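In what follows, a structure is listed as structure tokens, so that the remarks can point back to it.
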Amino acid sequence: MDWLFSVTFWLAISIVQLLFAYVLSPLAKFAIGYVSYMLTGTFITFLIKLRYEIYNEDLRLQPNQIKNRVLLITGASSGIGLVLARHFLSKGFIIVACYYSKSEPGYMELSRLTSSKDQEQQRLYLIELDLRSQESISACYSTVVNILADNTSLQLHALLNVAGVGVLEKFQWTPTEKIRDMVETNLTGPMLMTRQFLHLLIKTPGARVVNVCSPMGIIQFAYSSVYGPTKAALAHFSGNLECDLAKYGVKTVTIQPGNLMQHTAIISSSLSQKMSDTIATLSEEERVLYNDEMIDHQKLLEKVARAYQRNRPFKELRPTRKLGIIVEGGLIEERLEDSVGFLRNFENSVYLLDPPREMFVGNMLYNLIWGSLLQWVPRIVFRDASPIYQSIMKIFW
Numbered sequence: 000m001d002w003l004f005s006v007t008f009w010l011a012i013s014i015v016q017l018l019f020a021y022v023l024s025p026l027a028k029f030a031i032g033y034v035s036y037m038l039t040g041t042f043i044t045f046l047i048k049l050r051y052e053i054y055n056e057d058l059r060l061q062p063n064q065i066k067n068r069v070l071l072i073t074g075a076s077s078g079i080g081l082v083l084a085r086h087f088l089s090k091g092f093i094i095v096a097c098y099y100s101k102s103e104p105g106y107m108e109l110s111r112l113t114s115s116k117d118q119e120q121q122r123l124y125l126i127e128l129d130l131r132s133q134e135s136i137s138a139c140y141s142t143v144v145n146i147l148a149d150n151t152s153l154q155l156h157a158l159l160n161v162a163g164v165g166v167l168e169k170f171q172w173t174p175t176e177k178i179r180d181m182v183e184t185n186l187t188g189p190m191l192m193t194r195q196f197l198h199l200l201i202k203t204p205g206a207r208v209v210n211v212c213s214p215m216g217i218i219q220f221a222y223s224s225v226y227g228p229t230k231a232a233l234a235h236f237s238g239n240l241e242c243d244l245a246k247y248g249v250k251t252v253t254i255q256p257g258n259l260m261q262h263t264a265i266i267s268s269s270l271s272q273k274m275s276d277t278i279a280t281l282s283e284e285e286r287v288l289y290n291d292e293m294i295d296h297q298k299l300l301e302k303v304a305r306a307y308q309r310n311r312p313f314k315e316l317r318p319t320r321k322l323g324i325i326v327e328g329g330l331i332e333e334r335l336e337d338s339v340g341f342l343r344n345f346e347n348s349v350y351l352l353d354p355p356r357e358m359f360v361g362n363m364l365y366n367l368i369w370g371s372l373l374q375w376v377p378r379i380v381f382r383d384a385s386p387i388y389q390s391i392m393k394i395f396w
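Residue 0 is where the sequence shown starts when you use numbering that gives the first Met the number 0, and the numbers rise one by one after that.
In structure tokens form, the structure reads like this:
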């Protein structure tokens, strides 16, 4: 059915552009064309939502199908991954939670949950995983295979590639070690994990790969010249992968989280990296060239951190509510668990038998504006709009 909505969308755009092509000025044609992208896209978003809501029961996993389904979640001991591990465990799934280090904030909490005596069957497994290491990925695979072998009724339903690292720095002074670390963790690692576990997913009817990406992979931001491309490539990988796996029925879903930076380690990682440490990696010529810019960058990061501590930008002072199957909205709460839009998006990526290929989650402003724009407007538009957007964001920060 999604193809029908896509055809409707393109027909509507073509009609609008033909009507105004020889009547309006170039500026008016530009405005009409891209506003029509947004409006038509928003309309289609609601149609798709209606489709899933009307046939809700037939298009979702049923409770009796969940108890033997396994979710493999990377980055499960902090941030988004930790929230998802807790949430889906409470829903009855078997969770294999991959953590990078026992020192991460959620490791102890997950350890306590694994030792709970109130359950007949173990429903949470912890596996150490370093996405930069093929040896670690292979060890993770062996452990999962043993879990499935010991419980023959279990099926691997989804691989959720949540783990990621990001540092907000300009490319010209980003150390090569950080560049390699981000590429291997955000892109190469998820690809190798997917490759390793694919044949297990193919065995499960309705299995899927869920990749957590970022709008930074769509819009060209300053300070994300490494992080952004890794997320853009991961999103592209999702689309290519579904084409490769069409024969086997394995779905891919790209999640684009918006305005969730305060719930991830990106800001804290950037601040924890002392500028003096970065300067030490530069040549004398580079230090002279970038010194003033690096000082300004540190001040900007501190300003952004203070803004997020005040629950800004764009905090909504209204009850949380949902607006669409593809584009979800809600309050940006102090805890991700309190954001209905956030959890509903990830639930849809796991529960829906035929999930949308790409979904956006964020607060109401992100939902109404960026969600529709990012979903339907040609990506090249954002290349030209990026400097304007960054100037606006500085006002709110």
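No residue lacks a Cβ here, since even glycine has one placed at the ideal position from N, Cα and C.
Source: prediction; values computed, not measured.
Just to confirm my understanding: we take residue i, look at its own chain, exclude 5 residues before and 5 after, and list those with CB closer than 7 Å. What are they?
{"i": "T184", "result": "L130, R131, A162, G163 and V164"}
{"i": "N344", "result": "I254, E327, M358 and V360"}
{"i": "A148", "result": "none"}
If you drop the 5 nearest sequence neighbours on each side, which residues of the same chain put their C-beta closer than 6 Å to that of residue i?
{"i": "V208", "result": "L158, T193 and T251"}
{"i": "G80", "result": "I72, G74 and V161"}
{"i": "G105", "result": "S76, S77 and L81"}
{"i": "A234", "result": "C212, G216 and T253"}
{"i": "C97", "result": "T73, A75, I126 and L128"}
Using the C-alpha atoms, what's the distance from residue j back to residue i?
{"i": "K298", "j": "E292", "result": "10 Å"}
{"i": "T253", "j": "F341", "result": "14 Å"}
{"i": "A279", "j": "E168", "result": "15 Å"}
{"i": "K177", "j": "L58", "result": "42 Å"}
{"i": "D295", "j": "E301", "result": "10 Å"}
{"i": "H198", "j": "Q219", "result": "36 Å"}
{"i": "T277", "j": "T173", "result": "7 Å"}
{"i": "G257", "j": "Q195", "result": "29 Å"}
{"i": "I136", "j": "M190", "result": "11 Å"}
{"i": "M107", "j": "V249", "result": "33 Å"}
{"i": "I391", "j": "L60", "result": "Any reading at I391 is ruled out, since the residue's pLDDT is 48, under 50, leaving its predicted position unreliable."}
{"i": "K89", "j": "P228", "result": "In the sequence under discussion, the amino acid at residue 89 is Ser, which differs from the Lys named in the question. S89 and P228: Cα-Cα distance of roughly 34 Å."}
{"i": "I65", "j": "C242", "result": "27 Å"}
{"i": "S348", "j": "A221", "result": "30 Å"}
{"i": "C139", "j": "I201", "result": "18 Å"}
Is it the case that the Cβ atoms of residue i and residue j are separated by a distance below 9 Å?
{"i": "L125", "j": "V69", "result": "no"}
{"i": "V143", "j": "Y226", "result": "no"}
{"i": "L112", "j": "L128", "result": "no"}
{"i": "G205", "j": "L352", "result": "yes"}
{"i": "N63", "j": "L153", "result": "no"}
Just list the residues that DSSP pairs residue i with in beta bridges.
{"i": "L288", "result": "In DSSP, L288 forms no bridge with anything."}
{"i": "P415", "result": "Residue 415 is absent from the structure shown; the chain starts at 0 and stops at 396."}
{"i": "C97", "result": "I126"}
{"i": "N160", "result": "N210"}
{"i": "I72", "result": "A96 and L159"}
{"i": "Q154", "result": "R68"}
Please name the residue, chosen from the options, that lies closest to residue i on a Cα-to-Cα basis.
{"i": "Q400", "options": "E357, V287, K302 and E346", "result": "Residue 400 cannot be examined here, being either before or after the span of the chain that is shown, 0 to 396."}
{"i": "F236", "options": "T187, T203 and K202", "result": "T187"}
If you drop the 5 nearest sequence neighbours on each side, which residues of the same chain put their C-beta closer than 8 Å to that of residue i?
{"i": "N210", "result": "N160, P189, L233, A234, F236, S237, T251, V252, T253 and I254"}
{"i": "S223", "result": "G165, L167 and M215"}
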